[in-house]
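K.L.:
Protein chains in written order, with the working numbering: chain A, 1 to 465; chain B, 466 to 930.
#1: Under 8 Å Cβ-Cβ, which residues of chain B neighbour residue 88/A?
#2: Grouping DSSP H, G and I as helix and E and B as strand, with all else coil, what is residue 761/B?
#3: Whole-angstrom Cβ separation of residue 697/B and residue 625/B, contact assumed at under 8 Å?
#4: For residue 319/A, does the three-state DSSP call read helix, strand or coil?
#5: As a quick exercise: from 102/A, 83/A, 92/A, pick the residue whose alpha carbon is nearest that of residue 559/B.
#6: Quick one: what's residue 23/A bridged to in DSSP?
#7: Under a CB-based cut-off of 8 Å, is residue 512/B close to chain A?
#8: Residues of the segment 571 to 594 of chain B with a CB closer than 9 Å to any CB of chain A: list them in chain order, please.
#9: Taking 8 Å as the threshold, find out whether the segment 423 to 434 of chain A comes into contact with the segment 384 to 392 of chain A through three or more Cβ pairs.
#10: Would you kindly work out how many angstroms separate the C-alpha atoms of residue 681/B and residue 655/B, rounded to a whole number?
#11: Give the residues from the segment 18 to 41 of chain A that approach chain B closer than 7 Å (Cβ to any Cβ), ordered along the chain.
#12: Out of 595/B, 729/B, 610/B, which one is the CA nearest neighbour of residue 742/B?
#13: Identify each residue in the segment 512 to 540 of chain B for which the Cβ-Cβ distance to at least one residue of chain A is less than 9 Å, and report them in chain order.
#14: Inspect the beta-carbon positions of residue 283/A and residue 320/A and report whether they are closer than 8 Å.
#15: Only counting the same chain, and skipping five residues up and downstream in sequence, which positions put a Cβ closer than 8 Å to that of residue 500/B?
#16: For chain B, is any of its Cβ atoms less than 8 Å away from the one on residue 205/A?
#17: State the Cα-Cα distance for the pair residue 349/A and residue 906/B, rounded to the nearest angstrom.
#18: With distances taken between CB atoms, is the gap from residue 64/A to residue 597/B smaller than 8 Å?
#19: With which residues is residue 60/A paired in a DSSP beta bridge?
#20: Name, please, each residue of chain A whose Cβ falls closer than 8 Å to the Cβ of residue 550/B.
#21: Interface residues of chain A around residue 477/B at Cβ under 7 Å?
#22: What does residue 138/A reach in chain B if we use C-beta pairs closer than 8 Å?
#23: Return the chain-ordered list of same chain residues with a C-beta closer than 8 Å to the C-beta of residue 167/A, the five sequence neighbours on each side being excluded.
#24: Can you tell me where the alpha helix (DSSP H) with residue 4/A in it begins and where it stops?
#25: Short of 7 Å in beta carbon distance, which residues of its chain neighbour residue 487/A, apart from the five on each side in sequence? Order them along the chain.
#26: Under 8 Å: do the segment 835 to 853 of chain B and the segment 769 to 780 of chain B share three or more Cβ pairs, one atom per stretch?
#27: For residue 688/B, list the residues DSSP reports as bridge partners.
#28: Report all residues from its chain with a CB closer than 8 Å to the CB of residue 337/A; omit the five preceding and five following residues, and keep chain order.
#29: Got a sec: is the Cβ-Cβ distance from residue 810/B to anything in chain A below 8 Å?
#30: For a quick check, are the C-beta atoms of residue 593/B and residue 523/B less than 8 Å apart?
#31: By how many angstroms is the C-alpha of residue 666/B removed from the C-alpha of residue 543/B?
#32: With DSSP collapsed to three states, give me the class of residue 517/B.
#33: Would you call the segment 3 to 11 of chain A and the segment 563 to 571 of chain B touching, i.e. three or more CB-CB distances under 8 Å?
#34: Would you please state the rounded distance, in angstroms, between the beta carbons of residue 686/B and residue 724/B? I believe it to be under 8 Å.
#35: Should residue 342/A go down as buried or exposed, given a rule of 16 or more other Cβ atoms within 10 Å for buried?
#36: First and last residue of the alpha helix (DSSP H) that includes residue 856/B?
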């Protein structure tokens with residue numbers, strides 16, 4: 001396998017292919033096939049997201065994939081922002097369509113006309129909805145599995161509120177939700193306020209969650225947007241106030257995608273392959289019986305799998321013939337299963353199993369009677385270790401610089417004083433090819449701009465995907 | 466509410482709207498919005514399907530929505546069958562695309578090129594995959610929610626086998642799977658062998674599961690198809706045999722859609738509203754506390770809900786203010802919740818709840834200590850009653866006729882002797898506007914054709930959706 005530190009991009013492409021997550025041989029560039037193992041991982045990530053939002057009374061909906069040109073054109077900045085990357089349906093059967101329709105690039109234009117029918121009074125607010133659907137972008141840049149693609153697996157939450165203050169509270173709640181999700185996935189990140197010229201088309205402001213892959217590039221893995229009344233004014237989403245007048249609703253959105261899976265692969269994997277956080281692992285525990293002539297290790301292993309499954313774990317046995325235990329160990333390590341249990345002659349004779357967590361790869365004995373309590377502890381250890389490792393790695397990829405020339409020495413993202421002006425950001429981009437992720441919300445201190453020396457805050461700059 | 470027996474179509478449209486399943490005010494005809502309650506019901510149906518196929522080692526995948534013209538054109542009959550109902554994407558951003566792409570109307574053309582890469586040897590077979598995705602049809606006929614639409618929520622299983630015999634065994638297994646699913650949904654049906662001219666484009670033969678709605682029209686709610694090597698020859702899906710030669714794989718498919726939800730609505734509902742089979746009900750048990758000045762019925766009701774949820778039931782409390790218990794009873798009956806539990810002063814004082822199943826609507830007392838055992842029994846009774854009712858109703862809508870003129874008196878579908886020839890089927894269609902569902906697999910006896918008097922079997926004829 002490729003060396004992850006030295007050839008990150010090659011390592012990433014190789015592991016995505018050999019671990020059975022995705023097949024990119026589909027004849028349309030940037031549209032890949034989700035293989036069973038990859039799809040299960042993504043569904044588990046979706047499950048984590050659903051759990052977080054459902055517990056806060058978000059309601060799941062599903063809107064059509066097609067959006068008429070009229071719907072899309074309602075908000076000017078929005079349509080402007082997407083016009084170069086929308087796929088258009090222009091024919092049905094043999095008929096030229098009267099009304100051209102876009103494959104949704106995101107769903108504001110699909111949803112908000114309906115919101116204007118749903119929101120009548122105070123009692124209908126806050127409205128908290130989300131959907132998990134595919135969205136489409138006619139991407140002309142180089143594509144990369146789970147990172148830059150044309151068919152995007154998308155979580156999008158859309159809310160409407162009776163005041164800007166309540167929409168701002170929603171933004172705070174998104175940060176809580178994000179904390180839950182990113183912690184389940186063991187992902188470190190910075191919260192960056194995107195600059196004016198890079199915010200979501202139509203938004204008042206955009207906060208992005210950015211992480212950094214070992215190759216040094218930043219990866220945007222989530223965004224939340226405050227729309228204020230920018231969309232509601234255009235889509236006519238208003239409610240009747242107690243005094244008989246109407247008021248436009250304030251709105252927010254929250255977007256996530258399979259980039260979460262990309263980050264899991266990129267941040268946690270090692271030279272042996274993937275490592276899945278236990279909360280989203282398609283297989284949490286693989287049980288490998290070691291063939292024996294004296295005892296039936298298969299039966300013993302099966303009963304362990306059964307009791308783990310009954311206790312709610314995603315456990316599986318590998319009873320394939322013609323493969324050695326060693327081959328199986330390597331394969332499941334490559335596929336990132338957090339915990340392996342081995343069952344050989346000794347284990348059967350002495351009523352225990354040998355456990356090997358994917359992170360430490362150290363072996364330990366677990367008495368049979370303690371399995372159902374020991375397994376969650378071992379999984380928790382794996383989670384803790386992934387969180388710690390990726391946090392350390394993330395720290396090592398942050399470069400606080402005082403002089404702009406030091407960008408050249410940076411491995412990873414750069415944190416530097418910035419006045420907030422585009423001209424200074426452009427100088428950094430032109431000279432060093434580092435784009436601007438915006439002001440860091442994690443660093444509140446004021447400091448001077450490394451370009452113009454004016455008063456500023458900590459800005460974040462990177463080469464990004 | 467509309468009377469179901471007398472005005473079935475109006476009743477159906479009304480109940481879909483007022484129960485909050487779907488909103489059809491979206492600006493594109495035949496593309497509706499899944500509302501939270503309807504989406505949850507469909508997701509529960511999907512869950513039932515997944516459980517059945519996963520237990521038989523089907524693997525879930527997800528293929529791109531776009532299919533190039535080249536991919537689609539590989540199998541002639543297939544593309545011919547869909548050419549009038551495919552949506553075409555012809556532009557990306559401002560660019561005219563070099564290669565026009567179809568929104569999948571079904572996924573044979575998307576999948577089978579990849580199957581030809583995946584299937585190499587015996588060891589790769591049988592290949593059993595499925596996906597749950599939306600498919601698209603440029604439908605020109607009158608649309609109807611969940612029945613005839615342009616964006617279809619689709620379950621499609623696709624398999625490949627090393628022999629026709631094994632593919633035929635797969636067809637048998639589909640019948641088993643279908644039995645599980647239809648039984649969970651309490652749906653009666655006939656298995657009909659579609660006539661040559663109405664089988665799936667590219668299939669050797671098609672078996673359809675047809676039910677009948679109270680209005681008398683038949684509704685196709687599932688299909689399974691034997692492809693033989695029709696597709697594998699064109700998409701080059703072949704495997705290496707032990708003797709060194711290559712053989713084309715035999716293939717089958719199984720398709721289901723939100724018509725299952727349509728059938729649940731249509732067959733089980735009554736003049737009070739929906740009735741959901743417990744296995745797929747978005748809310749299985751609604752607990753309504755009756756306000757009291759002496760005791761806190763809300764706390765009592767909440768603890769019941771909590772214990773039911775912990776026992777794995779989808780239970781919910783209705784604590785809305787400003788609504789009377791009677792209003793709530795009606796609303797949840799309209800929404801088809803299988804079981805209601807009422808909690809008033811008496812209940813709290815004497816440690817019981819009052820239960821009312823949606824089917825019988827008879828009230829009974831359940832001691833608090835027995836709730837978690839009594840509830841599944843009551844739900845099982847609802848399921849049994851729905852199965853019985855819908856079977857009786859289905860029986861009443863089947864008309865066995867000896868003389869073709871008796872079609873005029875038929876309420877529902879007609880079973881009549883048929884020789885299997887298209888000319889006789891066309892006579893029935895032209896004279897009585899009854900289409901041909903094909904030979905019934907439920908009736909094996911031989912009999913004479915009601916048109917030409919030739920030897921035949923029992924054919925099924927209907928007005929259909």
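All C-beta atoms, glycine included, are put in the ideal place defined by N, C-alpha and C. Computed from a prediction, not measured in an experiment: that's the story for all the values here.
P.N.:
With the structure as the only source:
#1: Translated into positions along the first chain, residue 88/A becomes position 88. The answer, in chain order, is 554, 555, 556, 557.
#2: Taking the first residue of the second chain as 1, we reach residue 761/B at position 296. If DSSP states are grouped into helix, strand and coil, residue 761/B belongs with coil.
#3: Start at 1 with the first residue of the second chain, and residue 697/B comes out as number 232. Start at 1 with the first residue of the second chain, and residue 625/B comes out as number 160. Right, their Cβ atoms sit about 7 Å apart.
#4: Reading the first chain from its first residue, position 319 is the one you call residue 319/A. Three-state DSSP puts residue 319/A in coil, outside helix and strand.
#5: One-based indexing of the second chain puts residue 559/B at position 94. Minimum Cα distance to residue 559/B is reached at 83/A.
#6: In the first chain, counting from the first residue as 1, residue 23/A sits at position 23. DSSP, once it has assigned bridges, lists 33/A as partnering residue 23/A.
#7: Within the second chain, the letter at position 47 stands for residue 512/B. By this cut-off, residue 512/B is not an interface position.
#8: 575, 576, 578, 579, 582, 583, 594
#9: no
#10: Translated into positions along the second chain, residue 681/B becomes position 216. Translated into positions along the second chain, residue 655/B becomes position 190. Their backbone Cα atoms lie some 15 Å apart in a straight line.
#11: 23, 25, 26, 27, 28, 31, 33, 34, 35, 36, 39
#12: Here residue 742/B refers to the residue found at position 277 of the second chain. Selected option, being the one with the closest Cα: 729/B.
#13: 524, 525, 526, 527, 528, 529, 530, 531, 532, 533, 535, 536
#14: Locating residue 283/A in the first chain gives position 283, counting from the first residue. Locating residue 320/A in the first chain gives position 320, counting from the first residue. No. Outside cutoff.
#15: Here residue 500/B corresponds to residue number 35 of the second chain, with the count starting at 1. If we look at residue 500/B and ignore the five residues flanking it on each side, its Cβ neighbours are 485, 486, 487, 488.
#16: In the first chain, residue 205/A corresponds to position 205, counting from 1. It does not; no Cβ of chain B falls within 8 Å.
#17: By one-based count along the first chain, residue 349/A stands at place 349. By one-based count along the second chain, residue 906/B stands at place 441. So the two alpha carbons sit approximately 55 Å from each other.
#18: Position 64 of the first chain, counted from the first residue, corresponds to residue 64/A. Position 132 of the second chain, counted from the first residue, corresponds to residue 597/B. No, they are not a contact pair.
#19: As a working mapping, residue 60/A is identified with position 60 in the first chain. Note: residue 60/A sits in a beta bridge opposite 130/A.
#20: Against the second chain, residue 550/B aligns to sequence position 85. The answer, in chain order, is 92, 93.
#21: Along the second chain, read from residue 1 onward, the residue named residue 477/B stands at position 12. Simply none; closest approach about 21 Å.
#22: Mapped onto the first chain, residue 138/A falls at position 138. Residues of chain B passing the Cβ test: 557, 558, 560.
#23: Residue mapping note: residue 167/A aligns to position 167 of the first chain, counting from 1. Closer than 8 Å at Cβ, skipping near neighbours: 159, 161, 226, 227, 228, 250, 251, 252.
#24: Sequence index remark: in the first chain, residue 4/A carries index 4 (1-based). Residue 4/A -> no alpha helix (DSSP H), and no H or E assigned at all.
#25: The structure shown does not extend to residue 487/A, since chain A is modelled only from 1 to 465, so the question has no answer here.
#26: yes
#27: Residue 688/B sits at position 223 when you count from the first residue of the second chain. Looking at the DSSP assignment, residue 688/B forms a beta bridge with 673/B, 720/B.
#28: Along the first chain, read from residue 1 onward, the residue named residue 337/A stands at position 337. Result list for residue 337/A: 276, 281, 283, 284, 285, 286, 358, in chain order.
#29: By one-based count along the second chain, residue 810/B stands at place 345. With 8 Å as the cut-off, residue 810/B does not count as an interface residue toward chain A.
#30: If you number the second chain from 1, residue 593/B lands on position 128. If you number the second chain from 1, residue 523/B lands on position 58. Closer than 8 Å, so yes.
#31: Translated into positions along the second chain, residue 543/B becomes position 78. Translated into positions along the second chain, residue 666/B becomes position 201. Near 5 Å, if we compare the C-alpha coordinates of residue 666/B and residue 543/B.
#32: Residue numbering aside, residue 517/B sits at position 52 when the second chain is read from its first letter. Three-state result, residue 517/B: helix.
#33: no
#34: Here residue 686/B corresponds to residue number 221 of the second chain, with the count starting at 1. Here residue 724/B corresponds to residue number 259 of the second chain, with the count starting at 1. Their Cβ separation, rounded to whole angstroms, is 5 Å, which keeps residue 686/B and residue 724/B in contact under 8 Å.
#35: Counting from one through the first chain, the residue named residue 342/A turns up at place 342. Looking at its Cβ environment, which holds 16 or more other Cβ atoms inside 10 Å, residue 342/A is buried.
#36: As a position in the second chain, residue 856/B is number 391, starting the count at 1. Its alpha helix (DSSP H) spans residues 836 to 861.
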